[in-house]
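What follows is a single structure, written as structure tokens, with notes after it.
Protein chains: 2
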Amino acid sequence: MKRDIFQAIADPTRRAIIALIALQAMTPNAIAEHFDTSRQAVSKHLRILTECDVIRQEQKGREIYYQLEIDKMKEIDEWLEQYRIIWETRYEQLDTLLAELKQQENNERKK
Amino acid sequence: MKRDIFQAIADPTRRAIIALIALQAMTPNAIAEHFDTSRQAVSKHLRILTECDVIRQEQKGREIYYQLEIDKMKEIDEWLEQYRIIWETRYEQLDTLLAELKQQENNERKK
DNA sequence: TACACGTGCAACCTTTTGGTTGCATAATTC
DNA sequence: GAATTATGCAACCAAAAGGTTGCACGTGTA
Chain F
1 MKRDIFQAIA DPTRRAIIAL IALQAMTPNA IAEHFDTSRQ AVSKHLRILT
51 ECDVIRQEQK GREIYYQLEI DKMKEIDEWL EQYRIIWETR YEQLDTLLAE
101 LKQQENNERK K
Chain P
1001 MKRDIFQAIA DPTRRAIIAL IALQAMTPNA IAEHFDTSRQ AVSKHLRILT
1051 ECDVIRQEQK GREIYYQLEI DKMKEIDEWL EQYRIIWETR YEQLDTLLAE
1101 LKQQENNERK K
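Chains F and P supply the protein sequences, listed in that same order.
Quick note on numbering: our numbering labels position 34 of the first sequence as 34, and the sequence is numbered without any gaps.
Numbering-wise, our numbering comes out as the position in the second sequence, counting from 1, plus 1000.
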């Protein structure tokens, strides 16, 4: 069962974890305190995120610090690129249309 | 069971459907031809995508054309924004570091 | 060395997911 | 009006997801 980044971010708890550790690395215990679920459930999510290379762990003594692998988020951005092209094109077309309408309006006034 | 956009794009088939109808609206039958699964399975995916407002349907006679609701994709882009800030900041810091190293190198040469 | 702490893993359970087949319904065509 | 076509929906099923509890194991600390 190989998961990808899109399945990784599908779960709301996992998105919350990502947001939580985005700015500073945290231990599983510290992360779990922010949620209603058990520490083990959070641990499972961390395992999934690790498998997908969304997060990375660093052992410090008996504690493990998890931190976001920001480059993985870029993959989503790259996938989104194909749609960004579409909505930007639409905006351009809309701009063109608006410009044309404005031009027409001006021409009307001159009459 | 209310789904969100992230669950909508979690499934690879659904992402393929989105890509397929991104440029032009298509009927369920036409879409289903691109996949190994049954027409009904595709129909289910279309229902999920519709529920999440990722796609929109337009009836034409007995055919239904599904087309992408591109604005919904922007929601993902907006969510990604918080991480884009992070990776762009990292790049800036890297640029600064590289500039400093280059400066140091130049200073060494002058000696 | 004994004990507490931080963590991951296994077993188990319920709900959700994604697929299938069969059928109902509405629009078109003969 | 009868047959065909396009589609959605319900029932069913296997697999996966997400949660829980209990336990094992390494690392610090008294």
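Virtual Cβ for every residue (Gly too), placed ideally from N, Cα, C.
What you are looking at is a predicted structure, and each value in this text was computed from that prediction instead of being measured.
Interface annotation for the region 69-99 of chain F against chain P: Ile70, Asp71, Met73, Lys74, Ile76, Asp77, Trp79, Leu80, Gln82, Tyr83, Arg84, Ile86, Trp87, Arg90, criterion Cβ-Cβ distance under 9 angstroms.
In terms of CA proximity to isoleucine 85(F), Ala1019(P) leads the group Ala1019(P), Glu1092(P), Asp1053(P). With contacts defined by Cβ atoms closer than 8 angstroms, isoleucine 1031(P) and valine 1042(P) form a contacting pair. In chain order, Phe6, Trp79 make up the part of chain F whose C-beta sits under 9 angstroms from the C-beta of arginine 1015(P). A check of alpha carbon separations from asparagine 29(F) across Gln82(F), Leu46(F), Leu98(F), Leu68(F) identifies Leu46(F) as the nearest.
Using beta-carbon distances, isoleucine 31(F) does not count as an interface residue toward chain P, since no partner is under 8 angstroms. Closest in C-alpha terms to alanine 1016(P), from the list Gln1024(P), Phe1035(P), Arg1003(P), comes Phe1035(P). In this structure, Met26(F) is the residue among Arg90(F), Met26(F), Ile48(F) with its C-alpha nearest to the C-alpha of lysine 60(F).
Chain order gives no chain F residues near alanine 1025(P), where near means a beta carbon separation below 9 angstroms; the closest approach is about 13 angstroms.
Chain order gives the chain P residues near alanine 22(F) as Gln1082, Tyr1083, Ile1086, where near means a beta carbon separation below 9 angstroms. For the C-beta of isoleucine 1009(P), the chain F residues within less than 7 angstroms are, from N- to C-terminus, Phe6.
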